[in-house]
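Heads up: the structure comes next, in structure tokens.
Number of protein chains: 4
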Amino acid sequence: MELGLVGLGKMGGNMRERIRRGGHTVIGYDRNPEVSDVASLEELVGRLSGPRVVWVMVPAGEATQQTIDELGELLSPGDLVVDGGNSRWNEDEKHAGELASKGIGFVDCGVSGGVWGLENGYALMYGGDTEHVAMVQPVFDALKPEGTFGAVHAGKVGAGHFAKMVHNGVEYAMMQAFAEGWELLEAADAVTDVREVFRSWQEGTVIRSWLLDLAVKALDDDEHLDKLRGIAKDSGEGRWTVEAAIDNGVPLPAITASLFARFSSQQEDSPQMKMIAALRNQFGGHAVEGAK
Amino acid sequence: MELGLVGLGKMGGNMRERIRRGGHTVIGYDRNPEVSDVASLEELVGRLSGPRVVWVMVPAGEATQQTIDELGELLSPGDLVVDGGNSRWNEDEKHAGELASKGIGFVDCGVSGGVWGLENGYALMYGGDTEHVAMVQPVFDALKPEGTFGAVHAGKVGAGHFAKMVHNGVEYAMMQAFAEGWELLEAADAVTDVREVFRSWQEGTVIRSWLLDLAVKALDDDEHLDKLRGIAKDSGEGRWTVEAAIDNGVPLPAITASLFARFSSQQEDSPQMKMIAALRNQFGGHAVEGAK
Amino acid sequence: MELGLVGLGKMGGNMRERIRRGGHTVIGYDRNPEVSDVASLEELVGRLSGPRVVWVMVPAGEATQQTIDELGELLSPGDLVVDGGNSRWNEDEKHAGELASKGIGFVDCGVSGGVWGLENGYALMYGGDTEHVAMVQPVFDALKPEGTFGAVHAGKVGAGHFAKMVHNGVEYAMMQAFAEGWELLEAADAVTDVREVFRSWQEGTVIRSWLLDLAVKALDDDEHLDKLRGIAKDSGEGRWTVEAAIDNGVPLPAITASLFARFSSQQEDSPQMKMIAALRNQFGGHAVEGAK
Amino acid sequence: MELGLVGLGKMGGNMRERIRRGGHTVIGYDRNPEVSDVASLEELVGRLSGPRVVWVMVPAGEATQQTIDELGELLSPGDLVVDGGNSRWNEDEKHAGELASKGIGFVDCGVSGGVWGLENGYALMYGGDTEHVAMVQPVFDALKPEGTFGAVHAGKVGAGHFAKMVHNGVEYAMMQAFAEGWELLEAADAVTDVREVFRSWQEGTVIRSWLLDLAVKALDDDEHLDKLRGIAKDSGEGRWTVEAAIDNGVPLPAITASLFARFSSQQEDSPQMKMIAALRNQFGGHAVEGAK
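Protein sequence lines, in the order shown, are assigned to chains A, B, C and D. Numbered by the numbering used here, the letters in the first sequence go through residues 102 to 393 in order. Numbered by the numbering used here, the letters in the second sequence go through residues 102 to 393 in order. Numbered by the numbering used here, the letters in the third sequence go through residues 102 to 393 in order. Numbered by the numbering used here, the letters in the fourth sequence go through residues 102 to 393 in order.
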């Protein structure tokens, strides 16, 4: 089939390649002319035959909103927009409504795979009407990993991004699990070679997983991670997962702890710990350390 | 080689079978005569030719202590005891010392594998002197999974149980991660079929793992886990992991949250939440629910 | 001064009384004719001389929105609306804008005090323009506790509710602190009479506080809180505090733990713990407890 | 009465003064001759008439053990030792047993009060046999705050330190509660003057407390705590509280979060966050920050 693909960054560029390897025609547009196949969104739309399917793969928020707005102007009734970016799930219904008012369909799709997706395939979670999903199914089939799994029609519009968001929330806590275990092993003097313990865990254990394999790769590059600073960014999905949990009255202690650990790591100094130090000084005369 | 194996329960029985499949001679002893190969520990020791290796696979604590005490009486200098149970790592040094005073070697070995170990192999983490580990290496090779990984000499005596303990701590948080994600998906109405989302995650995602595969199996048995009550036991390793972290000043927020979630699940009613309800009533006149 | 007061429930009714004791004229309106001074909002507005000040003390959300909408129709330029309910802080700017378009001023005011406020006074945190605050200052002075503290002009519109929201977040964690300590004392057998320990803490300790005094009162009513069930409701402020923290990248581990503990207490059974039990069963053959 | 007091540091020195103000005779010993009343422990014991009461106020652990050992040699049957330091509660039974074998009584006493104790009195929680407590009661009465509260016979030997330990655990979470609230108010731009909000909370609110008063004092010294670094030490009691909870299967999410926040604050860089950064880099090619 023919696909328009907007956004050819780290993710989009590799996805174009994988879809093409699947035998489909992809016309890509990016603001960066060096990677773009066409000069404008208008040209991209003009080059597709109807009913057109355009996959949006740009940063969530303003960039996605603007692209969807422009496509709403350029596309025709019966066409379809897929938002494959990291939009917040409750944006999807709004986008779907805006496009539906012009007769244009909408599918949201959460995409997991990172830099490994080109070779291994991308895990896909999508939401939308069955007939809309059917229009883009050949592309889903090209993108997904070989084998039985890796793609799911998760429900109505928004379900794809919601499922991907929860995936990322789970990912936060799994990463935190390995990180905590690693720090404890490094801190205690019981185990001689922590990296070899991690390596051994890759088979036969309850915790064998792709993230563990990656941890071993990371430790092979830098045994004690001395080259790194302990700063971990967070993206929207982790935050939204906790917010969705609060909306639903669901306790998420481990995922939230993982998010907060990242918040703390991003701070040069901890205001709340200044207050603790100040209080200890007030009631106990405990020495405090002055600001650098 | 020849191995004495004490304890033929769920774990020990399968391990005997796997070691035998590896071509070794195993003489097993269990208090239950139906599964035991010999009538007594004394007979077991008598049937082995020296230097003897006896693997202890009984419950941690008193049962292990008693078995090691008895073996200390029965074995001879140059023999070796392996503690493959779930002993606390700081018991190992004590056991090693007691045996060393009689010229008997000691190796501790954390074993992961559960009911799957017989077919897939057991992950092994062991600690002790190199010469002692060498004495039992053929058995380790028979027990471990096929392939490159799954066994590690983690360090001196105690290192094996320490590594296994941390493994279990990581396991707690990984299980909690999936459990939280599952509850959120079930609670929100965004996703139509939560089980299919879990199934799809098995390939191409960041969170693909053996535990995820098991979650899908569990959901295939009972889609919404309606047949279960939300009560999760905990074993010593989770508790010891947190204690080891406290000893080392290491923050373990996700692992500890996972342990506490299990504690809460084991309570018929929550005393601390009674106090919260009582306080709300005191200052706000908020209605409280009476005891059943 | 003259005040219109809308909402004469548990809070509003007592506040009317305290303001009157302060020498002011209060005309109260409530849908319940038994407590209302007037038959309608229209009558209330008609009975006030301009510039009118009307204090809204109704449930946050729809009821507050509707009351503000109606007052927007009934009041005149130069009049003032005070929202003393538990509105979310980011609703305030919207309400202020809607009223400002009609020349009507707006002040938001977080009120703390519960059933004790009538006698002890209400702590007040308010936000809005200085000239608007000045219009209602005499009422603030009547409501606040005797003494130096208990009232603050926290900033622009929304600041009052924001400050009150954070107050409640802090309150959640303080309550949780005492609740956890109490449960631990009750669970361990070290201390013979937990209530007397709590009682003794009321003077000379670092943790002496009004909440501790209330805890002692509660224990005097019911020494082991046997009459209660361990279920703790939560109101909007706790949830909003965590959401505001996430918006600002601020880690709130203790406050969030307190919120999640309440969520858990509200569940008949824990879905996430079902998943943990299911996974333990899958990999370890651990017995699980069937649903009741 | 007559009291021997061993340890005249920040706490002990002020306690000597307060007990003397209460009309009692205190003979103090400290290794520092500038503050000591006698040249040696031997001299101190010699100067007391029997039955002697000696209060030990030295650092927990080795120093306390050594002092108790020496007193065991120097004292006579019928004498009494009070451990007023921060010993771990399960040390008490051991100390009591050692002394009991020589006919010497033992009382453990947790003391709260810090630098304020001299003027305000010290909160006391003590454990031991009734007849032993009676021997030291006059000193307890002199040390405790004026008024009804502030002292409690918490139970048998160990109960005093256990109660004090839990007091400190509660203190950790209360401090954390205020610290989190303060950081959120400072981070968000809703509130203009955070210090004034804190000040106002001192009356009429649910969270009014001595710790809040201290927070206001600290902010009066340094409005944004710019002079401090966000590093908070922890003492044994916080750690032991969590360990006691684990022993009893009691979930302590807020207290433990408070302890872990302190652990994190003590780290120059976070090993676990290095692992998170490494994993993000592995799967997503996310940029990481190199070590300084």
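Ideal Cβ placement from N, Cα and C applies to all residues, glycine included.
Check: So, is the C-beta of glutamate 135 of chain C closer than 7 Å to a C-beta in chain A?
Finding: no
Check: Which same chain residues, not among the five before or five after glutamine 303 of chain A, have their C-beta less than 7 Å away from its C-beta?
Finding: Arg309, Leu313, Asp314, Val317
Checklist line | Interface flag, isoleucine 308 of chain C vs chain A, CB-CB below 7 Å | finding: no
Next item on the list: Could you give the DSSP three-state label for glutamate 174 of chain C: helix, strand or coil?
Entry: helix
Margin query: Quick check: the Cα distance between glycine 339 of chain A and tyrosine 223 of chain A, rounded to an integer number of angstroms?
Written below: 20 Å
Margin query: Quick check on glutamate 103 of chain B: does DSSP put it in helix, strand or coil?
Written below: strand
Note to self: Less than 7 Å between CB atoms is the rule here; does leucine 286 of chain A satisfy it with respect to chain B?
What the structure shows: yes
Margin query: For a test of the three-state rule: what should DSSP assign to histidine 196 of chain D, helix, strand or coil?
Written below: helix
Notebook entry, point to check: So which of C/Ile332, C/Gly124, C/Pro160, C/Arg300 has the shortest CA-CA distance to serine 369 of chain C?
Noted result: Per the sequence shown, the amino acid found at residue 369 of chain C is glutamate instead of serine. Comparing Cα positions, the closest option is C/Ile332.
Margin query: Using the three-state DSSP reduction, which class does histidine 268 of chain A fall into: helix, strand or coil?
Written below: helix
Checklist line | Among A/Asn382, A/Ser141, A/Asp290, nearest to valine 216 of chain D - alpha-carbon criterion | finding: A/Asn382
Next item on the list: Quick one: list the residues of chain D neighbouring histidine 268 of chain C, beta-carbon separation under 9 Å, in chain order.
Entry: Gly282, Val298, Trp302, Thr306, Val307, Ile308
Note to self: Which complete alpha helix (DSSP H) runs does the segment 201-277 of chain B hold, if anything under 4 residues is left out?
What the structure shows: 218-221, 231-244
Check: Got a sec, what are the start and stop residues for the alpha helix (DSSP H) leucine 320 of chain A sits in?
Finding: 311-322
Next item on the list: Determine, using beta-carbon pairs with one atom in the segment 243-259 of chain B and one in the segment 220-234 of chain B, whether at least three such pairs fall under 8 Å.
Entry: yes
Margin query: Tell me whether the segment 228-243 of chain A and the segment 276-294 of chain A touch, counting them as touching only if at least three CB pairs, one residue from each stretch, are closer than 8 Å.
Written below: no
Check: Buried or exposed: where does serine 301 of chain D fall if 16 or more other Cβ atoms within 10 Å of its Cβ makes it buried?
Finding: buried
Next item on the list: For leucine 360 of chain B, I'd like the list of residues in its chain whose CB is within less than 7 Å of its CB, leaving aside the five on either flank, ordered along the chain.
Entry: Tyr273, Asp335, Gly339, Arg340, Val343
Next item on the list: At 8 Å on the CB atoms, spell out the chain B contacts of phenylalanine 250 of chain D, in chain order.
Entry: Ordered by position in chain B, no residue passes the 8 Å Cβ test against phenylalanine 250 of chain D, which lies about 18 Å from the chain.
Next item on the list: Indicate whether leucine 106 of chain C and glycine 124 of chain C have their beta-carbon atoms separated by less than 7 Å.
Entry: no
Check: Which bits of chain B does arginine 363 of chain C rub up against, with CB to CB less than 9 Å?
Finding: Met374, Ile377
Checklist line | Three-state secondary structure assigned by DSSP to threonine 126 of chain C | finding: strand
Next item on the list: Using a Cβ cut-off of 8 Å, pull out every chain D residue sitting near phenylalanine 207 of chain A, in sequence order please.
Entry: Result: empty, since nearest Cβ-Cβ is about 26 Å, beyond 8 Å.
Item checked: Straight-line gap, valine 295 of chain D to alanine 345 of chain C (C-alpha atoms, nearest Å) -> 16 Å
Margin query: With H, G and I counted as helix, E and B as strand and the rest as coil, what does DSSP make of tryptophan 156 of chain C?
Written below: strand
Check: What in chain G is Cβ-close to glutamate 338 of chain B, meaning under 7 Å?
Finding: No chain G is present in this structure, whose protein chains are A, B, C and D.
Margin query: Can you give me the C-alpha to C-alpha distance between lysine 245 of chain D and arginine 122 of chain C, rounded to a whole angstrom?
Written below: 40 Å
Next item on the list: Kindly say whether isoleucine 347 of chain A, judged by its beta-carbon, lies nearer than 7 Å to any beta-carbon of chain C.
Entry: yes
Item checked: proline 178 of chain B burial status per 10 Å Cβ neighbour count (16 or more: buried) -> exposed
Notebook entry, point to check: Do you know how far the Cα of aspartate 180 of chain A is from the Cα of proline 152 of chain A?
Noted result: 5 Å
Next item on the list: Report the neighbours of leucine 315 of chain D on chain A: residues whose CB is nearer than 7 Å to its CB, in chain order.
Entry: Leu380, Gln383, Phe384
Next item on the list: Please check the pair alanine 262 of chain D and aspartate 209 of chain D, which I expect to be a contact at CB under 8 Å, by giving their CB distance rounded to whole angstroms.
Entry: According to the sequence displayed, residue 262 of chain D carries histidine and not alanine. At roughly 5 Å, the Cβ-Cβ gap stays under 8 Å, so histidine 262 of chain D and aspartate 209 of chain D are in contact.
Margin query: Suppose you measure from the CA of proline 134 of chain D to the CA of leucine 142 of chain D; what does that come to, to the nearest Å?
Written below: 12 Å
Item checked: Selection from D/Gly110, D/Val139, D/Arg132, D/Leu149 that minimises the alpha carbon distance to leucine 104 of chain D -> D/Leu149
Next item on the list: Taking all protein chains shown into account, decide if alanine 201 of chain B is buried (16 or more other Cβ within 10 angstroms of its Cβ) or exposed.
Entry: exposed
Notebook entry, point to check: Is it buried or exposed for aspartate 131 of chain C, if we count other Cβ within 10 angstroms and need 16 for buried?
Noted result: buried
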